[in-house]
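In mature numbering (1 follows the signal peptide of the UniProt record, and there is no 0), the protein residues as written are -16 to -1, 1 to 1106.
Written out as structure tokens, the structure reads:
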């Protein structure tokens, strides 16, 4: 986060941050100049997009980049920008700032997005994201490292982990490199040893406001001083070169949670620690919480292994929870965030400073946390006070904007709340608490005017002198005007003054009329046009139905009764792929639990925009009642059957005009339309449903509905209804399964589509057993409900499969489900929601990304490449993370490619996830069918990282698809509990018969022989496919699979090398040759990716495979020739 203040930050007596808030008029949506200003600013977005090598994203972006690159740690810091400019280089930054300066366009810059103040790194103008500037270059002698400002500190620590060196940077996972270093200089776990982060900077790479790129170091002392804590008011810093310092591989660190009764003793202990510890390698932070969680938390850090004597002050306390242990620096700092789980919260930070501690001051802090905590409990809010003692680190201080040679001690206040309406209340409460604590500290002799507010966490009401002091404020102002004489950086975070429109009075005198233009007269006519002339009906929102769908129907019927003409007409608003809005009047078709419905042609501009962005806004206005209804949400296409029914219900002439007209296209002449109408009328006399293929009915699944009742007095009434954001959206289609459902059961088809290993019977299973046990079933058992989570014996067997040397699972770490498809659904339903982001390998089984999207989560594809053998490239993973990334989704072995992720790659993924505290979920339904068992990787749950889950089943590698048994396993029982709670919504228990068979198949007497049989079958049949691919190498290519039951082959035209139409190929092969395959682009690529690819399941009966490959060869020879 690069924190940007506004107008005359270092000059005026008031804080420039306030300008952003006071500047937005309450009626801005009715201001006639807003659309003009936005339009001009959008053009600036387009100009930047043409000139830079990076990307520009608009609100309509579906990749997640617009949202991900403008999202902040706190919801209260977010603003909706016109576009997000994702710069990729210093040259991009130079071009962007030059265009912005020339056009005088509002903008903001975001590094990590950790600020709590709206407008500091957000804007309604152009949002510059530094997310691509993620270079971390360690010098050859390891004495310095260059760090791009797109990194967060956890990125840096993960990159430096194991190098033996480290930098003085942020203490938790969330903050960006820019905000911590530029916004005050940066407190660190290493501050006692080396000072603040800014004291260790060798140089800054800066793009000045005029677009010039320079290096700032000790040879430019004024600018060097200004960037050390002076915020980013002097240009845009793209990277920083830091000194490095020795870093032990292991540190002793973690947090402890205590009972609230321990607060007085803990404050005495933290004071004793501060006053007596002489060990600069040891640090501690004590947090006192109010609100719903009032248990104090102690953070401990020692720069080395083992508990030091410095922590003896805390030895006599019994922690309720403790994570303190030997671990890597990266693991410790990545394990928590100062605003963890707060991305849906509003909040504020502030840091006041003192010169020391007293028990009276600590008692005041405790009283504040208790007092305001009680208020917070009533408002679903939380308050916390963080006591952060340091040694005399001022001896390392350099000439910095935020002076710290007096070693000020920070007290950090963090307040969180839910409602925007409470913003002013909680910020006022925070200021009141700050004022009181400063008063106590001053009386105790530990605070005076020299104790300044820390810039990075200062409330937006603080002026320059309160942060930097009078002397440094004056110096910073002079430097600012020297390097930014045009005031480009004043555009950051706020908009330019509204253009004023001069209106004549409602009655023009003769002189004015003589000089007036037609525009002047028309303007006056508009002013004199009457509006909102009552009387209007009385309204009692308290009597409104609770459901907004029912409320709408009530108002609609009242509009009909009042004689409103066409009350079902509405404005439908969409945006195109450039972010440009469109609006048009359509007719409402229906309102039901799914939303508000209307119809469009798929090839019309609105149809294309709805398909592209997936969102729409609707507005109804009934002037006779002065009523308006506004709603917005996801626009979900209904089924083809519903669209066809709506099309059939339209009058014949309406259907004819829909087919004959090409909406929004320019006509060569009117006669062309007349001729087209005549031709269409003739055509539809023979086929009344012609054109139905382009007809689409959409429903807007609104997340917010506003009912507006106007009043002649202009004291209008609004009722806003929020619809549960957790409600499930229209499920995504499942093309592979839809394809298979078309063909399954067709007589004579040889099935190379279903991916289970060649099924076996109960008799076969019994014969595989090394014991004379009579088979799996106890026929005398009463078939009631089984155990809710599955039998103990079955869960023990699954736990053994999911364990490894680093992690041992028990039956309590497993729940049994109805197949792996239910297991996957439970994991994704339980753990991902509308505010979350997930990263999923691709191609992959569609369910793994379709289910999260159904529940509103955003999913980014981690694309697997054929040239890499479909191995995930860990370097690509780093660029996919967003600030709300919660889960990485794997599939090992992979469906459809059969690729196996090896242990070293899995371990790298685990370490990256561990540093970010991200869940790793792996669908391991094809495990343990590895064709080279000696190279088999461990399950994802076996790497010693708790936040992992795996799913599996009896269907694929274990040849028992006829029993519907799957499972979820995880070493983290809170994840298992979340899945189990959702499981109760759909399943009482699995079949006892299925449970008995699965338990028997997984027993040591059967499982080894069953797997040996399937591995041998897989290797033998893979050789047949390999020979087939070699024989047709001119038209077929593949990557030899290492596990599972399937291969992914691409078929090409032999002469041109172009991929074939895989869906047409599979349909024709099924119809003409009797072989069932799955088309790649249809089943796994959404019709766009993996064209020409076919999934072929080969671990079937060998005779079936041989016959199917022979038929397929014959087809290729006949239909895919040179």
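Cβ atoms here follow ideal geometry from the backbone N, Cα and C, with glycine treated the same way. What you are looking at is a predicted structure, and each value in this text was computed from that prediction instead of being measured.
- [ ] Check whether the Cβ atoms of residue 56 and residue 107 sit closer than 9 Å, and answer yes or no.
- [x] Against the chain shown, residue 56 aligns to sequence position 72. Against the chain shown, residue 107 aligns to sequence position 123. No, the Cβ-Cβ distance between residue 56 and residue 107 is not below 9 Å.
Task: Rounded Cβ spacing between residue 761 and residue 977 (contact assumed at less than 8 Å) - done: Counted from its first residue, the chain shown places residue 761 at position 777. Counted from its first residue, the chain shown places residue 977 at position 993. Residue 761 to residue 977, Cβ: 7 Å. Contact.
Task: Classification of residue 516 by the beta-carbon crowding that lies within 10 angstroms, buried from 16 upward - done: Here residue 516 refers to the residue found at position 532 of the chain shown. By the neighbour-count rule (16 or more Cβ atoms within 10 Å), residue 516 is not buried but exposed.
Open item on the list: With the cut-off set at 9 Å, would you say residue 271 and residue 283 are in Cβ contact?
Closed with: Here residue 271 corresponds to residue number 287 of the chain shown, with the count starting at 1. Here residue 283 corresponds to residue number 299 of the chain shown, with the count starting at 1. Yes, these two residues count as a Cβ contact at 9 Å.
Open item on the list: Can you look up residue 823 in the DSSP assignment and give me helix, strand or coil?
Closed with: Here residue 823 refers to the residue found at position 839 when the chain shown is read from its first residue. Strand, per DSSP.
TODO: Give, in chain order, every unbroken run of the alpha helix (DSSP H) that is at least 4 residues long and sits entirely within the segment 1027 to 1096.
DONE: 1046 to 1052, 1064 to 1068
TODO: Measure the CB-CB distance between residue 520 and residue 554 and report whether it falls below 9 Å.
DONE: Counting from one through the chain shown, the residue named residue 520 turns up at place 536. Counting from one through the chain shown, the residue named residue 554 turns up at place 570. Not closer than 9 Å, so no.
TODO: Run the CB neighbour count on residue 79, radius 10 Å, all protein chains shown included, and call it buried at 16 or more, exposed below.
DONE: As a working mapping, residue 79 is identified with position 95 in the chain shown. Label assigned to residue 79: buried.
Open item on the list: Give me, in chain order, the residues of the same chain whose beta-carbon lies closer than 6 Å to that of residue 1109; leave out the 5 immediate sequence neighbours on both sides.
Closed with: Because the chain in this structure spans residues -16 to 1106, residue 1109 falls outside the shown range and cannot be described.
Open item on the list: Short of 7 Å in beta carbon distance, which residues of its chain neighbour residue 1031, apart from the five on each side in sequence? Order them along the chain.
Closed with: In the chain shown, counting from the first residue as 1, residue 1031 sits at position 1047. If we look at residue 1031 and ignore the five residues flanking it on each side, its Cβ neighbours are 882, 1009, 1022, 1025, 1080, 1082.
TODO: Determine the burial state of residue 19: buried for a count of at least 16 other Cβ atoms within 10 Å of its Cβ, exposed for fewer.
DONE: In the chain shown, the residue the question calls residue 19 occupies position 35. For residue 19, the predicted structure reports a pLDDT of 44, less than 50, and the residue's modelled location is therefore unreliable. A value from the coordinates is still provided. Looking at its Cβ environment, which holds fewer than 16 other Cβ atoms inside 10 Å, residue 19 is exposed.
- [ ] Taking only the alpha-carbon atoms, compute the straight-line gap between residue 913 and residue 145 and give it to the nearest angstrom.
- [x] Residue numbering aside, residue 913 sits at position 929 when the chain shown is read from its first letter. Residue numbering aside, residue 145 sits at position 161 when the chain shown is read from its first letter. Each residue's alpha carbon lies about 35 Å from the other.
- [ ] Let me know the secondary structure DSSP gives residue 61 once reduced to three states.
- [x] Position 77 of the chain shown holds residue 61. Helix at residue 61.
- [ ] Within 10 angstroms of the Cβ of residue 518, are there 16 or more other Cβ atoms? Answer buried if so, exposed if not.
- [x] Working through the chain shown from its first residue, we reach residue 518 at position 534. Residue 518 should be labelled exposed.
Task: Segment limits, alpha helix (DSSP H) that includes residue 363 - done: By 1-based counting over the chain shown, the position of residue 363 is 379. Counting along the chain, residue 363 falls outside any alpha helix (DSSP H), and DSSP gives it neither H nor E.
TODO: Entirely within the segment 114 to 141 and at least 3 residues each: give me those beta strand (DSSP E) ranges in chain order.
DONE: 120 to 122, 128 to 132
Open item on the list: For the alpha helix (DSSP H) containing residue 414, name the first residue and the last one.
Closed with: The sequence position of residue 414 within the chain shown is 430, counting from 1. Taken as a continuous stretch (DSSP letters only), the alpha helix (DSSP H) holding residue 414 covers 407 to 427.
Open item on the list: Considering only the alpha carbon of each residue, which of 363, 388, 384, 365 lies closest to residue 374?
Closed with: As a first step, residue 374 must be located in the chain shown, where it is residue number 390. Checking every option, the nearest Cα to that of residue 374 belongs to 388.
- [ ] Please list, in chain order, all residues of the same chain as residue 1086 whose beta carbon is under 8 Å from its beta carbon, the five residues on each side excluded.
- [x] Within the chain shown, numbered from 1, the residue matching residue 1086 stands at position 1102. Contacts found: 1001, 1004, 1005, 1008.
TODO: Indicate, with yes or no, if the ligand NAP has a heavy atom lying under 8 Å from the CB of residue 245.
DONE: Looking for the ligand NAP in the displayed structure turns up nothing, as the structure carries no ligands at all.
Open item on the list: If you reduce the DSSP assignment to three classes, tell me which class residue 432 lands in.
Closed with: On the chain shown, position 448 is the one that residue 432 refers to. Looking at residue 432 - three-state DSSP - the assignment turns out to be coil, as it is neither helix nor strand.
- [ ] Would you mind giving the Cβ-Cβ distance between residue 63 and residue 113, rounded to the nearest angstrom? I have them listed as a contact below 8 Å.
- [x] As a working mapping, residue 63 is identified with position 79 in the chain shown. As a working mapping, residue 113 is identified with position 129 in the chain shown. Contact doesn't hold; Cβ gap of about 13 Å is too wide.
Open item on the list: Out of 174, 571, 392, which one is the CA nearest neighbour of residue 552?
Closed with: Walking along the chain shown from the start, residue 552 turns up at place 568. Of the listed residues, the one whose Cα sits closest to residue 552 is 571.
Open item on the list: If we require 4 or more residues per run, which alpha helix (DSSP H) segments fall completely within the segment 578 to 607?
Closed with: 589 to 597
Open item on the list: So the candidates are 393, 889, 843, 472; which of them puts its Cα closest to the Cα of residue 869?
Closed with: Numbered from 1 along the chain shown, position 885 holds the residue referred to as residue 869. When only C-alpha atoms are compared, the closest one is 843.
Open item on the list: Below 8 Å on the Cβ atoms is my contact criterion, and I expect residue 1020 with residue 1013 to pass it. Report the Cβ-Cβ distance as a whole number of Å.
Closed with: Position 1036 of the chain shown, counting from 1, holds the residue named residue 1020. Position 1029 of the chain shown, counting from 1, holds the residue named residue 1013. Their Cβ separation, rounded to whole angstroms, is 5 Å, which keeps residue 1020 and residue 1013 in contact under 8 Å.
Task: Residue range of the unbroken alpha helix (DSSP H) whose run includes residue 255 - done: As a first step, residue 255 is located in the chain shown; it is residue number 271 there, counting from the start. It spans 247 to 260 - the alpha helix (DSSP H) in which residue 255 sits, taken as one unbroken run.
Open item on the list: Can you look up residue 994 in the DSSP assignment and give me helix, strand or coil?
Closed with: As a first step, residue 994 must be located in the chain shown, where it is residue number 1010. It is helical.
Task: Beta-carbon spacing of residue 951, residue 928 below 9 Å - done: Within the chain shown, residue 951 is the residue found at index 967, counting from 1. Within the chain shown, residue 928 is the residue found at index 944, counting from 1. No, these two residues do not count as a Cβ contact at 9 Å.
Open item on the list: Measuring straight from C-alpha to C-alpha, what distance separates residue 1099 and residue 756?
Closed with: For this step, residue 1099 is matched to residue 1115 along the chain shown. For this step, residue 756 is matched to residue 772 along the chain shown. Cα to Cα, residue 1099 sits roughly 48 Å from residue 756.
- [ ] Label residue 700 either buried or exposed according to how many other C-beta atoms from any shown protein chain fall within 10 Å of its C-beta, with 16 as the threshold for buried.
- [x] Reading the chain shown from its first residue, position 716 is the one you call residue 700. It is exposed - the Cβ of residue 700 has fewer than 16 other Cβ atoms within 10 Å.
Open item on the list: According to DSSP, residue 230 sits in a beta bridge with which residue or residues?
Closed with: The sequence position of residue 230 within the chain shown is 246, counting from 1. Answer by DSSP bridge pairing, in chain order: 149.
Task: According to DSSP, residues forming a beta bridge with residue 959 - done: By 1-based counting over the chain shown, the position of residue 959 is 975. In the DSSP output, where bridge partners are listed per residue, residue 959 has none listed.
Task: Other residues of its chain near residue 994: CB distance less than 8 Å, five sequence neighbours each side excluded - done: Position 1010 of the chain shown, counting from 1, holds the residue named residue 994. Here the set comprises 744, 749, 752, 942, 943, 985.
Open item on the list: I'd like to check one pair, residue 109 with residue 44: are the Cβ atoms closer than 9 Å?
Closed with: On the chain shown, position 60 is the one that residue 44 refers to. On the chain shown, position 125 is the one that residue 109 refers to. It is not a contact, given that the beta carbons lie outside the stated cut-off.
TODO: With distances taken Cα to Cα, identify the nearest neighbour of residue 213 among 190, 240, 235, 183.
DONE: Counted from its first residue, the chain shown places residue 213 at position 229. Among 190, 240, 235, 183, the Cα nearest to that of residue 213 is on 183.
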